[in-house]
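Structure, as structure tokens:
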Amino acid sequence: MRKLDQALAKLHRYVKDQKLFCAGAKILLCCSGGADSVAMLQLFSRLRAQMHITLLAVHVDHQLRGAESDADVELVKQICLSLNIPLIVRKIKLDKREGLENQARKKRFASFREILELYRFDRIATAHHKNDQAETMLMNLLRGAGINGLAGIKPSSGVVIHPLLCFSKQELVDLLTEEGVPWREDSSNSDNRFRRNKIRNELLPLIIDSINPAAVEKLSEQAKIFLETEQLLQAQAQKHLKRTVLEQSGEAITLSLDKLEKLSRVEQYYVIKAAMASIGASEQDFFMHGFEEIIRLTASSGSKQTKLGNKVYVRKQYRELTLSSAEFVVSIPEPLSVEEDRSRAVYGDYRFSFKILKVLPKKRDEGGFRVYLDADKVRFPFTIRSRQEGDRFIPLGMKQQKRLKEFFIDQKVPKFERDSIPLFDDGEKIFWVVGHRLDARVAIDSGSQRYLHITAELVHEKPKRAASRIKKFGEDNESYEL
0 MRKLDQALAK LHRYVKDQKL FCAGAKILLC CSGGADSVAM LQLFSRLRAQ MHITLLAVHV
60 DHQLRGAESD ADVELVKQIC LSLNIPLIVR KIKLDKREGL ENQARKKRFA SFREILELYR
120 FDRIATAHHK NDQAETMLMN LLRGAGINGL AGIKPSSGVV IHPLLCFSKQ ELVDLLTEEG
180 VPWREDSSNS DNRFRRNKIR NELLPLIIDS INPAAVEKLS EQAKIFLETE QLLQAQAQKH
240 LKRTVLEQSG EAITLSLDKL EKLSRVEQYY VIKAAMASIG ASEQDFFMHG FEEIIRLTAS
300 SGSKQTKLGN KVYVRKQYRE LTLSSAEFVV SIPEPLSVEE DRSRAVYGDY RFSFKILKVL
360 PKKRDEGGFR VYLDADKVRF PFTIRSRQEG DRFIPLGMKQ QKRLKEFFID QKVPKFERDS
420 IPLFDDGEKI FWVVGHRLDA RVAIDSGSQR YLHITAELVH EKPKRAASRI KKFGEDNESY
480 EL
């Protein structure tokens, strides 16, 4: 039995088993002129009659190898003509000042997607095979990818399908050799300055020769197991995410740290990964090192903010973790006036209660958010507001005024948090920096007769959480590039 007939039966089974496309589908075939893509043309030209599919080949010319590139185009034209497959050739220009490998891949796939939409095709088929799978797994392992990275190339991802993952490179070469079909060798594939080429030309052959001759097959089998594991963990993560999320907008999501920390480390990884995906972050924005950064952030004391890569902003504040694809901004409420007879008020993320006492309790629970002060040393009505340029006060325990900005610096208050800290201002002085310090001028002494007890608590069911207070661009927020 001819190798081509055996391969065709194998391809047909794989397409059906993986549900890559249905009978009658319109398939765009990506063809470089190399052995892999030429074999795909041969196989799909015969699968066409069996599944009644419509084919269109696309060759992208990067115009980097002069006469070699021209020869690639000519070969693909001849093969497509012989197989009666329509062909579109796209020429693209690359900026040699940028990374050529990634740039070429992005522009190439942009062309494929443009043609797919223009001609209303259903799928984009690439000729990746088991050897490509092995290379991808090794490359992802070495750069710290999780299970999803070790699952390698998926049989399908959206409209992109990889129907040749059931074949090794050698199987495809043997098929073409038996049929007498020519193919092109890309000289750039031997350039080991590129990481994938180094793995393909040096590392993988070393593993095959020195450790396991069946390494490609074994890695391909492992990829299937990793993929099934990944799919199971993703399904579980969605359930955990629903229980963990506090609020979600199109570009930000806020999670409860109390609930997140009850999960195992693996579950935390997949919940955060699912949260990242919900705001449009790509897999490249969240390999294992990104997860480690987020976990270190959540374990640190106080509020913290950082940035992952170029697109994801991360903030830990209160007992919440917010991930955003846009830069954070603090929503500053309007100043709030408080009369002497008022017992409650809400300002920003805080709910305050006020009580005038004639007798000071012997046992007092005092701290950053619960204070007692001399009511007669405060001018009513006072105002609750956010910080302003030039603010000063006399921190309790000091005798001289101190600039609020310097106080925050000394207390190591993150810059992004400073605008959200309420200040109590009676027109003559700032008498309380909420959560931090009273002013010395309102301290209780032996002559005090009336006492103002103020309690502050975070509003957990606030109408606008951190996830909804974001902006596309900002200049005043403090962040750290990883």
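Mind the numbering: the sequence shown is residues 0 to 481 in numbering that gives the first Met the number 0, read in order.
All residues carry an ideal CB built from backbone N, CA and C; glycine is no exception.
Nonlocal neighbours in the same chain, by C-beta distance under 6 Å from residue i, ignoring five residues either side
| i | result |
| --- | --- |
| G32 | D71, L74, V75 and R183 |
| K168 | H128 and N130 |
| S385 | I331 and D418 |
| A22 | M50 and H51 |
| A439 | I393 and L395 |
| T495 | Limits of the chain in this structure are 0 at one end and 481 at the other, which puts residue 495 out of reach. |
| S155 | L19 |
| Y269 | L232 and A236 |
DSSP three-state assignment for residue i, whether helix, strand or coil
| i | result |
| --- | --- |
| R161 | For clarity, residue 161 is His in the given sequence; the question names Arg instead. In this structure, H161 counts as coil in the three-state DSSP scheme. |
| D60 | strand |
| L395 | coil |
| K18 | coil |
| K354 | strand |
| L335 | strand |
| I294 | helix |
| R436 | strand |
| A6 | helix |
| I210 | coil |
| L320 | strand |
| A455 | strand |
| K404 | helix |
| D173 | helix |
| V311 | strand |
| I52 | coil |
| D375 | helix |
| I198 | helix |
| R12 | helix |
When the options are compared against residue i, the one with the closest alpha-carbon
| i | options | result |
| --- | --- | --- |
| I383 | K361, K357 and F353 | F353 |
| F290 | G143, N191 and K18 | G143 |
| E178 | L42, N147 and M136 | L42 |
| Q221 | F430, V433, A133 and I114 | A133 |
| F20 | Q5, V159 and K310 | V159 |
| D4 | I26, D35 and S44 | S44 |
| V180 | G279, I78 and R314 | I78 |
| K414 | K404, F423 and L422 | K404 |
| L27 | V88, N196 and L7 | V88 |
| S323 | S299, Y349, E365 and K272 | K272 |
| C30 | F111, D424, M0 and N101 | F111 |
| A56 | E116, A124, T228 and G446 | A124 |
| T454 | E170, Y118, G434 and A442 | G434 |
| L171 | A34, M0 and S81 | A34 |
| G308 | T297, I420, A325 and K105 | A325 |
Inter-residue Cα distance where the pair is residue i and residue j
| i | j | result |
| --- | --- | --- |
| I152 | F225 | 11 Å |
| I114 | G98 | 25 Å |
| S330 | A126 | 51 Å |
| I252 | T321 | 6 Å |
| Q400 | F392 | 5 Å |
| G279 | G157 | 15 Å |
| Q233 | S189 | 37 Å |
| E266 | S255 | 14 Å |
| F406 | H61 | 58 Å |
| K15 | T305 | 45 Å |
| I210 | K95 | 39 Å |
| L163 | K310 | 34 Å |
| K398 | V432 | 16 Å |
| Q387 | Y346 | 16 Å |
| R64 | I91 | 13 Å |
| I429 | D390 | 8 Å |
| N196 | L202 | 9 Å |
| T135 | A214 | 13 Å |
| E100 | A276 | 25 Å |
| E246 | A274 | 11 Å |
| A109 | L40 | 21 Å |
| L335 | V458 | 16 Å |
| E117 | K25 | What sits at residue 117 in the sequence shown is Leu, not Glu. Going from the Cα of L117 to the Cα of K25 covers about 13 Å. |
Cut-off 7 Å between Cβ atoms - residues of its own chain near residue i, not counting five sequence neighbours on either side
| i | result |
| --- | --- |
| H483 | A question about residue 483 goes unanswered here, because the residues of the chain that appear run from 0 up to 481. |
| R363 | Y371 |
| L7 | L42, R45 and L46 |
| A103 | H61 and L93 |
| Y317 | L457 |
Neighbourhood of residue i by C-beta distance below 8 Å, restricted to the same chain and skipping five residues each side
| i | result |
| --- | --- |
| K9 | C165 and F166 |
| K411 | G301 |
| L140 | G148 and L149 |
Any chain B beta carbon closer than 8 Å to residue i
| i | result |
| --- | --- |
| D69 | No chain B appears in the structure shown, which is made up of a single protein chain. |
Residue i: CB within 7 Å of a non-hydrogen atom of the ligand SAM
| i | result |
| --- | --- |
| R199 | In the structure on display, the ligand SAM does not appear, and there are no ligands present to speak of. |
- Task: List in chain order: all unbroken alpha helix (DSSP H) runs of 4+ residues lying wholly within the segment 230 to 290.
- Result: 256 to 259 and 264 to 277
- Whole beta strand (DSSP E) runs in the segment 76 to 162 with 3 or more residues, listed along the chain? Complete beta strand (DSSP E) runs here, min 3: 86 to 90 and 122 to 124.
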